[in-house]
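Protein chains in written order, with the numbering used here: chain A, 1 to 1000; chain B, 1 to 1000. Have a look at the structure below, then the notes.
Here is the structure:
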């Protein structure tokens, strides 16, 4: 192993590497900026069609990352190494890995991973998809395909690599933290920069003068506008950067309120957008000069011919080679393939044997067995002229018939006669021969690719409307038996090559035939089957945990995610300083699971100072990997410890005021405003839900504190800990245990199947929180559309429904919604209906998922939609009734009564003296008996109550209709009979809408 | 020749070079700063005793250098490469030259020169001595030994190298300007940065909002103070840098007035000073951690033994090897050596043959011929006891005499008797043997070095009070005949090695013996004798000029300077675009002479498009040198052209308002204030000097415009053109020719022997200007002390004196001074006397220089000091009188009259009736005749008048004293005689103070 590079040696190596690879070497910017991205060499240069390859160091200033020099790798100034490759060179990951090798990072000794990361910088209207690159668990690089900057769509797309130099050097030099990095052979990073870390941290957190900085911001903003007006984009951009830094300092000082924040962000975005648009315009006026320098495009390589159709059934293998897919996208793609491939085959008339679908982060594979040499023949019936027109009186075919036959290429004598749509026609039976298998497959293969959808897709090829995918597709493997089945897609031509693990082999592997694929990859350690990877990880993790007398708490979600992050899982055991166990366990667990995807090791429910991580690669050379991961968790825990220590300086209630700085929604105010609304609404709901005095008091206190932890450092850092920290800090502050519990539980259920609050206090606060959100967000016009639900309104509504169902709370949500509406800072009356409908939709989903018949659900929701618990009861009971053998007569009886009623009449009492027939009187008596039975219920009648009561009237109804003509000529008699029947109909009011049922 | 490096390639090469040479590689700073020096990695890190070696790129922002991208090498942002070596590594110039070689600059093909440059940055309280390094006439690097930063004296001294990357790359790549530099192989510098140049230039010059920036400045200053108060030096320094940049922008916008400028500068200096002092303190508290990393000092090498004394007379050679001396220091050192070496030899009793003194920028050499093997013997007379005490009554020596003899190591019988100071003593004649020559020479050699003084000296060795010299001494050559005569000085041990031209040989040369020195260096092309170099340059220049049918206007000053800048002069002819000849010729001449030290080529008084430059080195490979120099002059002329074009947008009178932004002196106001005072004073002086109406009008108009050109771009850029541009622009503006001439001439004489104004108008304005300065500056307490005369008061006073002498103006300056005092914005009455005395001192100097006898000058000044012209007349006439054979009797006669007079009596008329003797009456008659003769003069009587008249009274005076006893017993008679004699004495009043004369 070569001696580790010094800090400056590493920079020099990168400069040389990227310079040799065609990058212009640029310099750090002369403003305090938060990232190399903000340097105009990135933020502006990537705009427009010109090619641009650049690399530079950027000492990046992030005031709120200041840790007074005490954290091993979190600093108010860290050194980024920034690379832009525009357009995508086609192999940016390989280039990147080669640059790591130049730094001395031997991929064989480490675990290098591409972990999904979707980058977004709203302040400059920019976003992109890509990864964090992890080196032994440590994020060392941000790797992004820029899609948009300054609100301008990038074409071509730019690849951005942002190396975190401190972290890389900590790993390379195997030191404990940034201070110990050798900057040169003689001088450490700490000797160079520690005083600056300490002083700037103190300045940003404690000393910066808020009023003065606010003025500074305003001046810079105004000066930017002045420059912009004069068409001076670069000076304007400089001032925008000054605004951005000043804002960051203000924010770190905790000085940015809701209104200001919105103003700041809006201003900055608008400014950068104008600069960006102006920039493209200026480049256009210059004639995009760098375009000229671009290389002539390589001449198109002709696509090879298709193979001859095989003689026997063959297996077809399609492998889509991709850059690392997000775990969720991988799972989604596999599910889609399982569904779509058979459908596509059927559509193309290809019978087939077993279809196997596999996937890893780097590949999606489909193996279709026993495909016949040709498509099935197609037989189509084509309608011709009517019989009358097709044959003359003599029964000879007319010209019309002959023309039709000719057109269909059949002999006129082959025309057949058929009854179609109630008429008689001649038809032609047209047969289409099945095309050869290769021809069909090369249509199916691209269709498979076309059919895949992802939550977020990205472009990487030139052309603003070029194809999009989860991540770039880098190779296509297409084998029919042993023959290559070439097709073109996404700028690639499908061939017979696949790739093994990144770490093991840089060269592609040839696959001799479709059936050899699985074995070949297994031989090269790629485990294609996700379930196998899960099993492998779970088993190893248990074994490793047992080795330290611990165990792994089951977590299927984490297991599934981890299994989808690797191609060759190797679990390993890491250790951390037991002192960290003094931190709240949920914090440790969250750090391990959420931030690092580690499996915590527990014993008797308590954490042990160990974790199980998973390497992507073989079991050899684990030492550095373990060491690296242990370093990461130490830094992570140190940071958590810093936050908890920070937070411990104040008691939870004191944090509440800090909520004023967190925006809930621009028009709906801060989280403090929301928190106050929740508290009031909790009071009203407590009455509605019938909480006793003690419960009510607990609920009110919990509501008061429920959101306070959002202002703590720990939760600001890890949102997943909201509620959990609230509980911890509430207990620390001496709040009653029930209050603490309610604070945590008010977020429950966390997901669709999540645990529900154990006590009414938490439930009530949670409901208040959700109803407030729903009504408020609808009131300001925010409605989820399609996949977009930025405020999580669906989840919020679902949570409210689940709370009532799970708590078996019999309450109509409309009352709560109205109460919530009255508390909003904006007019919210119209929103109540909208929110109620939205809740009904969620409830519908829940009931359908629970297996109730569609019409049963609708019958229940039609009347009781506002009260989930009762609606579910209704559906439950109705389901039993509709399953009964005698259900249809029951329904018929009710339907007969209802159907004859004219719309819109009010229910009036029938007058017994107007009854003419006994059947009328009999029905009246039976009806009154049923009414009495229902009225005897202490609670509002349920479905069982109603139907049981109604059943009593059925014989009378039957007789009534047998004996009585409702529509008597005497208007008074007629009206009286209708009144009697309406009295039957309204029996169902408030319980069911039977008209929604099948057979009504 | 290797292919030229790209811009980024050059940076990479420097990073590698300096990294390999122990420098920490640092990054550009995240603020807009004007130079790498401002980066805290220089400005703060050089403070305190710690070693610090660092190198980095600094894209430096200088708003007023913005040229909209139109100048070949002047930019609002240029890239510096900054290197700090602290302590001085001993060979920084060699290191630097090696770094140039790494860039591909072959010293054999170029002319690389170290041209004196004294760097000062008052805004941060910093200064140092060093050079501009010239590559073929182009400044490519600033090379400075920092002496002080932030008001803190550096110990150890830091060497700062600041490469100008654009200029280096323009030369390396042989392109026309910055736009054409290849940044990479594919992309030019212009493609990268031209739009930024254009936009930022426009922003700085036209768009920046003055009021807003002023507020910005105030905010940053206040925030700096806040940070400072909290001990946060680095944040405070950042804000100081923001202040500095903001100030620069304001200045470029032309928005900084007098008061503000003073405030700005004072504030910034104070701020940086506090940061600097605090920084040292903080480092001290940390225990100066980098000191520990310092290498142990090399063990001391013992000084070799001295050679045996020679048997015969020998020559001694001392060569002081230095880094390039400023031309003036070289001349001064040679003069000092010529004076001091003989004195030192005499003092040490060393007879000698010829002493030869030579020098080049890199060496001072003294060759002393025929030194004897030993010092001359010393004979000393030591006084012993008085004769009385030395011998007893018997004439035998006493104990005192014996003791004295023993003490002086002589035999008592060898004591002699001598008369001394009017007493009789015994004395011992003590003989000290001469010490051997080597022993004496090793004392003389350091004394020679110690004796040298320079206008400004610098330290380079550790220790705040270490030795100082013009530039560092790098080697000492000391040979007695062929023997090395070692001694230690300035950390060096003298040896037998010298060095040849930098370009030719990197290795030292051994000198076999003293007498071989001249020939050896001549063989290596070093021309030791300045006169020879001057002659060589002058001859070649004439020849080259003749080749293009032109000639060189004689300029001894330039010739002497150039000859002192080279060791091996080679003149070459360069050419420039004749279009530039449209610029005013004084501009072109000034650029060539002042900025480039070129000899302009003229024909019939008009410039030709050629110049003669001088290379330091041989005549081979001149092509690149000529090309480089031609490039430089093109850029220089382009810049001059830019300024003249700028200026042409307004007429001269319009620039006058701009003087309000130039400070004359803080309390005395702006140059506009001064200009207004000059105008008023000119009016008063015109009357005093008797100008006629037309002359007066011309003078007033000229006074109005005299300073206006100081606000023009051309003069701001080249102060040497003040007055000259005023004349040019006045003519352009349609002012009368006499006014234009007076504007130029009011600065005359430019130096001690300079030309005087041709017309009274210019003289009057010039006098007004000077009297205003003198009175004003004394009024605010500014008095030149020792060598320090920052406002040039001595030159100003001398100029005033020369004006009156040259113009033969008979006027008493006191009147003018009083008028000037009345116009000052501060109380100036006391300053008039001070200024008058100061003028008399200058006048004394002038008269002494003109050869008048000391006592004659004093006799004239004693009475007529206020009127230089009359004082000179007096001295002139008196000189003739005192040379006469009969002078002493004349003087005696006058003296007899005067000496007897008691002090303080008023002159009263004698009363003839009180005369007792004829001799009294006779003298009275003679005296009245003399008085009548003097009174008959139309002008105030001169010396000739007075003495001619007095001569008439001499016989009467003689008789008077022969016959009369002045001190008669009768008080009335006595008083009357004294009154008569006083009447004689006052004859000289207003003409001479004869009492100052020798023999009085």
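Cβ coordinates follow ideal geometry from the N, Cα and C atoms, glycine included.
Quiz prompt | When B:958, B:885, B:896 are compared against residue 918 of chain B, the one with the closest alpha-carbon | solution = Residue B:958 holds the alpha-carbon nearest to the alpha-carbon of residue 918 of chain B among B:958, B:885, B:896.
Self-check item: Same chain, Cβ closer than 8 angstroms to residue 588 of chain B, neighbours up to 5 away in sequence not counted
Solution: When the five nearest sequence neighbours on each side are left out, the beta carbons in the same chain lying within less than 8 angstroms of the beta carbon of residue 588 of chain B are those of 580, 581, 600, 607, 637, 640, in order along the chain.
Exercise. Could you pull out every residue in the same chain whose Cβ sits closer than 8 angstroms to the Cβ of residue 813 of chain B, ignoring the five residues on either side in sequence?
Key: Here the set comprises 771, 800, 804, 836, 839, 866, 867, 868.
Quiz item: Using DSSP with H/G/I as helix, E/B as strand and the rest coil, what is residue 386 of chain B?
Solution: In the three-state DSSP reduction, residue 386 of chain B falls in the strand class (E or B).
Quiz item: Shortest alpha-carbon distance to residue 303 of chain A belongs to which of A:842, A:717, A:487, A:120?
Solution: Of A:842, A:717, A:487, A:120, the smallest CA-CA separation from residue 303 of chain A is found for A:487.
Quiz item: Under 7 angstroms from any heavy atom of the ligand ADP, does the C-beta of residue 345 of chain A make it?
Solution: The ligand ADP is absent from the structure shown, which contains no ligands of any kind.
Self-check item: Classification of residue 986 of chain B by the beta-carbon crowding that lies within 10 angstroms, buried from 16 upward
Solution: Under this definition residue 986 of chain B is an exposed residue.
Quiz item: In whole angstroms, what is the alpha-carbon distance linking residue 62 of chain A and residue 141 of chain A?
Solution: About 17 angstroms.
Quiz item: Any idea what DSSP makes of residue 14 of chain A, helix, strand or coil?
Solution: Three-state DSSP puts residue 14 of chain A in a helix.
Self-check item: Within-8 angstroms CB hit, residue 248 of chain B to chain A
Solution: It does not: the Cβ of residue 248 of chain B has no partner Cβ on chain A nearer than 8 angstroms.
Exercise. Keeping to the same chain, check which residues put their C-beta closer than 8 angstroms to that of residue 343 of chain B; ignore five residues upstream and five downstream.
Key: For residue 343 of chain B, where only same-chain residues beyond five positions count, there are no Cβ hits under 8 angstroms.
Practice problem: Output the distance between the C-alpha atoms of residue 151 of chain B and residue 124 of chain B, rounded to the nearest integer angstrom. | Solution: Going by the C-alpha atoms only, they are around 8 angstroms apart.
Quiz item: If you follow the beta strand (DSSP E) that residue 603 of chain B is part of, which residue opens it and which one closes it?
Solution: Under the DSSP assignment, residue 603 of chain B falls in the beta strand (DSSP E) whose first and last residues are 599-603.
Quiz item: What is the rounded straight-line gap between the Cα of residue 351 of chain B and the Cα of residue 372 of chain B?
Solution: About 7 angstroms.
Practice problem: Give a yes or no on whether the C-beta atoms belonging to residue 776 of chain B and residue 861 of chain B are separated by under 8 angstroms. | Solution: At a Cβ-Cβ threshold of 8 angstroms, residue 776 of chain B and residue 861 of chain B do not count as neighbours.
Quiz item: Shorter than 8 angstroms from the beta carbon of residue 1036 of chain A to some beta carbon of chain B?
Solution: A question about residue 1036 of chain A goes unanswered here, because the residues of chain A that appear run from 1 up to 1000.
Exercise. Check each residue of the segment 57-87 of chain A: if its Cβ is closer than 7 angstroms to any Cβ of chain B, include it; give the result in chain order.
Key: Here the close residues are 57, 59, 61.
Quiz item: For residue 724 of chain B versus residue 744 of chain B, is the C-beta spacing smaller than 8 angstroms?
Solution: With a cutoff of 8 angstroms on beta-carbon distance, residue 724 of chain B and residue 744 of chain B are scored as near each other.
Quiz item: For the beta strand (DSSP E) that contains residue 912 of chain B, what are its first and last residues?
Solution: According to the DSSP assignment, residue 912 of chain B belongs to no beta strand (DSSP E), since it is labelled neither H nor E.
Exercise. Determine which residues share a DSSP beta bridge with residue 363 of chain A and list them.
Key: Looking at the DSSP assignment, residue 363 of chain A forms a beta bridge with A:321, A:360.
Self-check item: Bounding residues of the alpha helix (DSSP H) (the contiguous stretch that carries residue 139 of chain A)
Solution: Taken as a continuous stretch (DSSP letters only), residue 139 of chain A belongs to no alpha helix (DSSP H), being part of the beta strand (DSSP E) at 138-149.
Quiz prompt | Nearest residue (CA-CA) to residue 489 of chain B, options B:473, B:482, B:496 | solution = Considering only alpha carbons, the answer is B:473.
Quiz item: What are the residues of the segment 12-42 of chain A that lie near chain C, defined by any Cβ-Cβ distance shorter than 9 angstroms?
Solution: The chain inventory of the structure shown lacks chain C, comprising the protein chains A and B.
Quiz item: With a cut-off of 8 angstroms, do at least 3 Cβ pairs link the segment 62-81 of chain A to the segment 160-175 of chain A?
Solution: Because the criterion of three Cβ pairs below 8 angstroms is met, the segment 62-81 of chain A and the segment 160-175 of chain A touch.
Exercise. Identify, in the order they occur along the chain, each residue of the same chain with its Cβ nearer than 6 angstroms to the Cβ of residue 113 of chain B, setting aside the five sequence neighbours on each side.
Key: So the qualifying residues of the chain are 134, 616.
Quiz item: Could you give the C-beta distance for residue 157 of chain A and residue 147 of chain A, rounded to a whole number, given that I count them as a contact under 8 angstroms?
Solution: The Cβ separation is near 7 angstroms, so the contact holds.
Quiz item: Under a three-way DSSP split, which group does residue 504 of chain B fall into?
Solution: Bear in mind that the predicted position of residue 504 of chain B carries a pLDDT of just 49, short of 50, making it too unreliable to give a figure here.
Practice problem: For residue 284 of chain B, decide whether its Cβ has a neighbour in chain A, counting only Cβ atoms nearer than 8 angstroms. | Solution: With 8 angstroms as the cut-off, residue 284 of chain B does not count as an interface residue toward chain A.
Self-check item: Where residue 670 of chain B falls: helix, strand or coil (DSSP)
Solution: Three-state DSSP puts residue 670 of chain B in a strand.
Quiz item: residue 209 of chain B versus chain A: which residues are under 7 angstroms apart at the beta carbon?
Solution: Chain-order list of chain A residues neighbouring residue 209 of chain B: 223, 226, by C-beta distance under 7 angstroms.
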